[in-house]
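Going down the list, the sequences are from chains A and B. Reminder that position 13 of the first sequence reads as 12 in numbering that gives the first Met the number 0, one-by-one numbering, no gaps. Reminder that position 159 of the second sequence reads as 158 in numbering that gives the first Met the number 0, one-by-one numbering, no gaps. We put the beta carbon where it would ideally sit given N, CA and C, even for glycine. As structure tokens, the structure follows; a few thoughts come after it.
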Amino acid sequence: MNGARIEEHRHHALRADGLHVHYGSICALHDVSFELTCGTAVALIGGNGAGKSTLMKRMVGLIPPSAGQVIWRGVPMAQSTHEIAYLPQRSDVDWSFPLTVRGLVELGRYPLIGPWKPFAAADLEAVERAMARMQIGALAGRQIGQLSGGQQQRVMIARALAQDAHVLLLDEPFAGLDQPSQELLVCLLRELVGSGHLVVASHHDLKTVSDIFDQAILLNGAMIAHGPSREVMTPDNLVRAFGAPS
Amino acid sequence: MIDALQDMLSYQFNQRALLAAVMIGFLNGYTGGYVVLRRGALFAGALSHTLFPGIAVGALIAGLNPYSALIGAFVMALVVGLGSQGVAAHSRVDREAVMAILYTAATAGGLLVLERLGTYVRVEDYLFGNILRVSNWDLWFVYLAGFIVLSTLILFQRPLLIFIFSNNLAASYGLSVRLMDYLLAALVVITMVTSLQAVGALLAIGLLVAPAATMYLFSDRPAVILWGGGIAGVVISVGAVVITNIADLQTGAVMVILLAAFFLVGFLASPRYGLPGSLRARRKPVDS
Numbered sequence: 000m001n002g003a004r005i006e007e008h009r010h011h012a013l014r015a016d017g018l019h020v021h022y023g024s025i026c027a028l029h030d031v032s033f034e035l036t037c038g039t040a041v042a043l044i045g046g047n048g049a050g051k052s053t054l055m056k057r058m059v060g061l062i063p064p065s066a067g068q069v070i071w072r073g074v075p076m077a078q079s080t081h082e083i084a085y086l087p088q089r090s091d092v093d094w095s096f097p098l099t100v101r102g103l104v105e106l107g108r109y110p111l112i113g114p115w116k117p118f119a120a121a122d123l124e125a126v127e128r129a130m131a132r133m134q135i136g137a138l139a140g141r142q143i144g145q146l147s148g149g150q151q152q153r154v155m156i157a158r159a160l161a162q163d164a165h166v167l168l169l170d171e172p173f174a175g176l177d178q179p180s181q182e183l184l185v186c187l188l189r190e191l192v193g194s195g196h197l198v199v200a201s202h203h204d205l206k207t208v209s210d211i212f213d214q215a216i217l218l219n220g221a222m223i224a225h226g227p228s229r230e231v232m233t234p235d236n237l238v239r240a241f242g243a244p245s
Numbered sequence: 000m001i002d003a004l005q006d007m008l009s010y011q012f013n014q015r016a017l018l019a020a021v022m023i024g025f026l027n028g029y030t031g032g033y034v035v036l037r038r039g040a041l042f043a044g045a046l047s048h049t050l051f052p053g054i055a056v057g058a059l060i061a062g063l064n065p066y067s068a069l070i071g072a073f074v075m076a077l078v079v080g081l082g083s084q085g086v087a088a089h090s091r092v093d094r095e096a097v098m099a100i101l102y103t104a105a106t107a108g109g110l111l112v113l114e115r116l117g118t119y120v121r122v123e124d125y126l127f128g129n130i131l132r133v134s135n136w137d138l139w140f141v142y143l144a145g146f147i148v149l150s151t152l153i154l155f156q157r158p159l160l161i162f163i164f165s166n167n168l169a170a171s172y173g174l175s176v177r178l179m180d181y182l183l184a185a186l187v188v189i190t191m192v193t194s195l196q197a198v199g200a201l202l203a204i205g206l207l208v209a210p211a212a213t214m215y216l217f218s219d220r221p222a223v224i225l226w227g228g229g230i231a232g233v234v235i236s237v238g239a240v241v242i243t244n245i246a247d248l249q250t251g252a253v254m255v256i257l258l259a260a261f262f263l264v265g266f267l268a269s270p271r272y273g274l275p276g277s278l279r280a281r282r283k284p285v286d287s
């Protein structure tokens with residue numbers, strides 16, 4: 000991406016305004032508001048059921064809103080946009096599906112070309128570029144189940160890049176990865192942030208939050224804190240997010 | 000051999016049977032690709048059990064004839080299929096469980112209806128099929144229904160495959176997951192009703208699932224599974240018509256047995272996803 004485009008990206012903002020999500024009578028998310036700008040890595044921190052996945056799904060339009068709105072680049076999001084990509088947890092993906100790495104990355108072009116338009120040279124190039132960026136070009140012909148966890152995560156990110164997403168919402172991207180895979184993924188995510196993407200990821204390892212992410216949002220059904228990682232990850236805030244250690 | 004084939008083709012009913020076999024074979028093999036990819040064979044199998052009571056109810060209302068049988072089977076499968084999807088969407092019970100309740104209830108109702116009508120013997124053609132009795136009208140119906148189903152599946156291949164791969168991905172692309180769920184169920188019902196003449200209500204599920212399931216053993220590309228399933232369906236259906244002509248056997252049964260044999264060969268031969276691959280994987284444990 001060239002410098003001018005990176006600069007333009009950096010001004011894009013994703014804003015949540017008073018988001019509420021209810022599942023029947025259960026309140027999963029209560030009055031969550033924040034503003035994030037592109038070129039930042041943001042960690043979503045909270046215990047199980049704190050609403051991390053719910054918040055990401057709500058932002059990409061997978062869950063109908065109970066109240067509040069998501070504003071992307073100054074406009075309320077009425078429907079999904081290819082500029083915001085949601086990457087589910089690896090365990091939520093059917094990796095036995097007969098799909099190659101290239102086939103999965105190509106799915107990223109769908110929101111741009113629709114159901115009927117054939118793949119043009121530009122689409123093929125976008126797919127190649129996304130695979131190269133995530134260092135999975137050599138795996139293009141492999142069935143997606145025959146990849147390591149880290150490779151599968153990178154294929155999903157490549158799919159998001161192929162769809163020209165500015166914002167990547169990643170659900171537990173580091174879960175189940177070995178150390179080298181985690182380090183490579185951190186490098187690649189930081190590189191995306193450097194090129195102007197907004198990366199939002201739910202994250203469990205409290206020790207590494209400040210190393211990987213610029214900002215952190217602490218959730219416990221409601222917003223506990225939001226700010227630069229080092230300032231937010233205080234013992235007080237963590238107790239409020241996770242409860243007192245027993 | 001060639002003389003036998005020429006002799007066979009000189010009869011109009013054989014010509015019609017072969018034409019029907021081409022479309023029914025392709026339609027089932029191609030549509031079956033979606034069923035296999037969606038892991039929906041159980042659902043489709045349950046759906047096929049509604050065809051028979053549908054025929055019975057059709058016969059009760061309008062007498063037993065091809066029209067009442069097709070319409071009855073179609074309406075019953077649609078009511079039970081979409082009904083179970085609807086009930087599952089609005090309750091805690093999953094689709095297959097609701098389906099089991101609805102289709103056994105339908106079958107029980109069908110039995111009571113048939114008992115009242117006293118037409119046990121005459122429904123045999125609809126249970127096991129008889130492609131040699133395909134009329135011109137049947138042929139038109141098969142080609143029209145086949146054209147509608149195939150053109151819909153081909154036109155919407157991209158969104159349907161995304162939906163089958165991941166509901167979440169489809170929804171995040173703004174596609175209606177529920178609409179595609181219903182659409183696919185409806186197309187599977189039309190396909191099975193279209194096959195009634197060839198293989199009947201009891202064997203329809205075999206013709207639907209076996210070709211694509213075999214292709215699934217060999218390919219990681221959905222397009223190969225879909226089109227390959229269609230082509231395999233044609234070859235085996237036509238082959239079954241020819242064999243039964245020579246050997247004087249029940250066509251639907253031969254078709255389904257050939258398909259099972261085809262699958263068995265695939266299972267024994269597929270280097271990666273069949274028995275050889277599975278044995279090799281046991282000998283050489285893969286690093287986790």
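| Check | Outcome |
| --- | --- |
| Inter-residue Cα distance where the pair is residue 288 of chain B and residue 124 of chain A | The question about residue 288 of chain B has no answer, for chain B in this structure spans 0 to 287. |
| Residue 59 of chain A at chain B interface by Cβ criterion, 7 Å | yes |
| Residue from B:28, B:36, B:59 and B:226 whose Cα sits closest to the Cα of residue 109 of chain B | B:59 |
| Unbroken stretches of the alpha helix (DSSP H), 4 residues or longer, contained in the segment 94 to 134 of chain B | 94 to 116 and 123 to 127 |
| Alpha-carbon to alpha-carbon, residue 262 of chain B and residue 16 of chain A | 55 Å |
| Contact with chain A by residue 180 of chain B, beta-carbon distance below 7 Å | no |
| Secondary structure of residue 34 of chain A, DSSP reduced to three states | strand |
| Helix, strand or coil at residue 85 of chain B according to DSSP, with G and I counted as helix | helix |
| Local Cβ density within 10 Å of residue 66 of chain B, reported as buried at 16 or more and exposed below that | exposed |
| Separation of residue 251 of chain B from residue 146 of chain B, as counted between CA atoms | 22 Å |
| Residue of B:122, B:218 and B:142 minimising C-alpha distance to residue 140 of chain A | B:218 |
| Nearest-angstrom beta carbon gap, residue 176 of chain B and residue 169 of chain B [assumed within contact, 8 Å] | 6 Å |
| Cross-strand partners of residue 24 of chain B (DSSP beta bridge) | DSSP lists no partner for residue 24 of chain B. |
| Of the listed residues A:204, A:241 and A:215, nearest to residue 230 of chain A (C-alpha basis) | A:215 |
| Check whether residue 136 of chain A and residue 37 of chain A have beta carbons under 7 Å apart | no |
| CB contact below 7 Å: residue 164 of chain B versus chain A | yes |
| Cβ-Cβ distance between residue 200 of chain B and residue 12 of chain B below 7 Å | no |
| Bounding residues of the alpha helix (DSSP H) (the contiguous stretch that carries residue 134 of chain A) | Careful: residue 134 of chain A lies outside any alpha helix (DSSP H) and carries neither H nor E. |
| Whole-angstrom C-beta distance between residue 158 of chain A and residue 104 of chain A, which should lie under 8 Å | 5 Å |
| Within-7 Å CB hit, residue 229 of chain A to chain B | no |
| Contact with chain A by residue 120 of chain B, beta-carbon distance below 7 Å | Low per-residue confidence applies at residue 120 of chain B: pLDDT is 49, beneath 50, and the placement is therefore not dependable, though the value from the model is reported in the following sentence. So, not an interface residue. |
| The segment 195 to 222 of chain B: positions lying closer than 9 Å to chain A by Cβ | 215, 218, 219, 220 and 221 |
| Residues within the segment 84 to 96 of chain A neighbouring chain B, beta-carbon criterion of under 8 Å | 84, 85, 87, 91, 92, 93 and 96 |
| DSSP state of residue 208 of chain B mapped onto helix, strand, coil | helix |
| Closest Cα partner of residue 82 of chain A within the set A:163, A:207, A:203 and A:170 | A:163 |
| Three-pair Cβ contact test at 8 Å for the segment 208 to 228 of chain B versus the segment 230 to 239 of chain A | no |
| The segment 228 to 244 of chain B contacting the segment 19 to 36 of chain B, beta-carbon criterion three pairs below 8 Å | yes |
| Residue 65 of chain A vs residue 21 of chain A beta-carbon contact at 7 Å | yes |
| Same chain, Cβ closer than 7 Å to residue 155 of chain A, neighbours up to 5 away in sequence not counted | 86 |
| 7 Å Cβ cut-off: residues of chain B touching residue 117 of chain A | What residue 117 of chain A touches in chain B: nothing, since even the nearest Cβ is about 11 Å away. |
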